[in-house]
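Below is the structure:
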């Protein structure tokens with residue numbers, strides 16, 4: 542219905558605006574990687590992954606002041622902005638997919654694999670949507686299924702890519718998934734100030750765990 546669409550339209554519009562900006566950056570990155578020797582691609586991937594993911598996970602902190610400002614500015618959209626907690630991590634997985642994984646798979650001429658992963662995700666989308674809309678009939682789960690599907694696509698594609706590049710990313714994937722779950726849980730169930738403190742502490746712990754990767758990046 543129009544009412545249901547109204548609850549989510551603002552959040553989707555904000556997310557899509559961010560995705561357009563990130564997609565523009567990916568277009569610039571692809572020609573640069575095409576000119577790079579395949580021997581250097583694994584090392585560059587490791588560094589680019591650190592450059593992209595550490596700031597992106599940190600940027601989720603800005604959800605809290607953004608929500609306060611938007612609720613004060615657009616009070617009639619207060620309910621709609623609640624769903625930002627579920628959809629903001631979408632930017633995390635879509636950014637990694639657009640900037641890094643898509644670009645690398647195209648550079649390695651693995652478009653067919655990319656299409657297969659996308660088709661599998663579409664299949665899961667049909668199943669999850671059918672369950673959430675027609676069986677469970679739960680709006681919140683319907684919205685949550687969007688991030689579940691995007692995370693599935695991103696993780697599946699990165700695991701395939703890591704095998705080609707012969708690099709280990711499983712620990713990082715689990716860590717990022719854990720940070721996403723923490724963000725969604727605290728943002729959905731707790732008030733803004735408590736959620737901000739908990740997520741900030743989790744991010745500091747994340748930075749400590751990623752310290753060696755940051756040092757490697759700085760040296761190279």
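In this note's numbering, the protein residues as written are 542 to 761.
In this text, a Cβ means the ideal position worked out from N, Cα and C, and glycines have one as well.
Residue i: first and last residue of the uninterrupted alpha helix (DSSP H) it sits in
i           : result
residue 735 : 733-750
residue 598 : 582-600
residue 704 : 680-706
residue 542 : No alpha helix (DSSP H) holds residue 542; DSSP gives it neither H nor E.
residue 658 : 652-671
residue 612 : 604-614
residue 624 : Segment: none, residue 624 is in no alpha helix (DSSP H) and carries neither H nor E.
residue 718 : 711-730
residue 636 : 630-637
residue 643 : 643-648
Local Cβ density within 10 Å of residue i, reported as buried at 16 or more and exposed below that
i           : result
residue 590 : buried
residue 659 : exposed
residue 491 : With the chain covering 542 to 761 only, the question about residue 491 has no answer from this structure.
residue 646 : buried
residue 642 : buried
residue 652 : exposed
residue 615 : exposed
residue 748 : exposed
residue 721 : buried
residue 676 : exposed
residue 704 : exposed
residue 636 : buried
residue 700 : exposed
residue 613 : exposed
residue 694 : buried
residue 757 : exposed
residue 687 : buried
residue 692 : buried
Residue i vs residue j beta-carbon contact at 8 Å
i           : j           : result
residue 719 : residue 690 : no
residue 706 : residue 583 : yes
residue 628 : residue 552 : yes
residue 740 : residue 595 : no
residue 662 : residue 575 : no
residue 717 : residue 598 : yes
residue 696 : residue 714 : yes
residue 708 : residue 587 : yes
residue 733 : residue 609 : yes
residue 682 : residue 671 : no
residue 569 : residue 577 : no
residue 632 : residue 737 : no
Nearest-angstrom beta carbon gap, residue j and residue i [assumed within contact, 8 Å]
i           : j           : result
residue 724 : residue 630 : 6 Å
residue 624 : residue 548 : 7 Å
residue 566 : residue 611 : Contact flag wrong, Cβ pair sits at about 25 Å.
residue 669 : residue 698 : Their Cβ separation, rounded to whole angstroms, is 18 Å, which puts residue 669 and residue 698 out of contact at 8 Å.
residue 729 : residue 619 : The Cβ separation is near 15 Å, so there is no contact.
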